[in-house]
Every structure is written in structure tokens, then in C-alpha cells.
Amino acid sequence: MATVKSPDRIARWFHALADETRLGIVERLGAGERCVCDLTDDLEASQSRLSFHLKTLKDAGIVTDRRQGRWVYYTLNPDTLEAMEGFVKALASRSKLRLLARGYEGRRT
């Protein structure tokens, strides 16, 4: 599993996901690679607006792209998704341990 050490990298992930349009893009890419033309139709957004959001997602490493002819196709980056999952799981695990410790301490007093 990929490890995450950079708070800046984590902040970029959450910034990129902190927008409804970008979440919609990520949700649609969860079904597989999509052409930017399909995303404009699905999200009823202009190509220039989507380009801005896709650049944010790409800069955060959440999506990758490839050009085929005049179209650009986007897909989720599995390495970044794995690193994000690891970060969230580690955070949840630490939180559960703290809650268990509090519950145990609460019974001793």
C-alpha cells in the first residue's frame, strides 16, 4: 500500500475534492475512463469550466489524462486513490483506538 508523508499532498487531495463539480467528475470517472466531451454532457457544463476543474484534479494527482486525436480522456489515478484510502484508514484506526482507550478509562473511574 502507498504511504503518505506530505501534508501538502493530502491538503491538495481534499482541496480538489471540496467542490461539487469535481466530486461529480470523480464519481463519473469511477465507472471508467471518460472523454472530456462526455463529461461536459453529463455535467451540463462548458468545456472551459470542466477544464479548470480537471486541471485541479490532475494537479492533485487524482486523475490522469491521455490525448487521442483531438479528444482528451480522463481516468482516476489508482495510486493516488490507494494512498488516499490508506490515509483515511489510518486516521479512522487512530480515532477508534482513542475511543476505545477513553471507553476503557471511563470504566476504571
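So the sequence shown is residues 1323 to 1431, counted in our numbering.
Built from N, CA and C at the ideal position, the CB exists for glycine as well.
Of the residues 1340, 1342 and 1395, which one's Cα is nearest the Cα of residue 1360? If you number the sequence shown from 1, residue 1360 lands on position 38. Looking at the Cα atoms, 1395 is the closest of the given residues.
Give a yes or no on contact between the region 1373–1388 and the region 1329–1344, applying the rule of three or more CB pairs nearer than 8 Å. yes
Using only CA atoms, which one of 1349, 1387 and 1378 lies nearest to residue 1357? One-based indexing of the sequence shown puts residue 1357 at position 35. Taking only the C-alpha atoms, the option nearest residue 1357 is 1387.
Among all the DSSP beta bridges, which residues are the ones paired with residue 1359? Indexing the sequence shown from 1 puts residue 1359 at position 37. In DSSP, residue 1359 forms no bridge with anything.
DSSP three-state call for residue 1387: helix, strand or coil? Here residue 1387 refers to the residue found at position 65 of the sequence shown. Correct three-state label for residue 1387: strand.
Opposite residue 1397 in the DSSP bridges: which residues? As a working mapping, residue 1397 is identified with position 75 in the sequence shown. BP columns for residue 1397 point to 1386.
Work out the CA separation of residue 1412 and residue 1424 for me, nearest whole Å. The count along the sequence shown starts at 1 and reaches residue 1424 at position 102. The count along the sequence shown starts at 1 and reaches residue 1412 at position 90. Each residue's alpha carbon lies about 18 Å from the other.
Proximity below 8 Å, CB of residue 1365 to CB of residue 1397: Working through the sequence shown from its first residue, we reach residue 1365 at position 43. Working through the sequence shown from its first residue, we reach residue 1397 at position 75. No. Outside cutoff.
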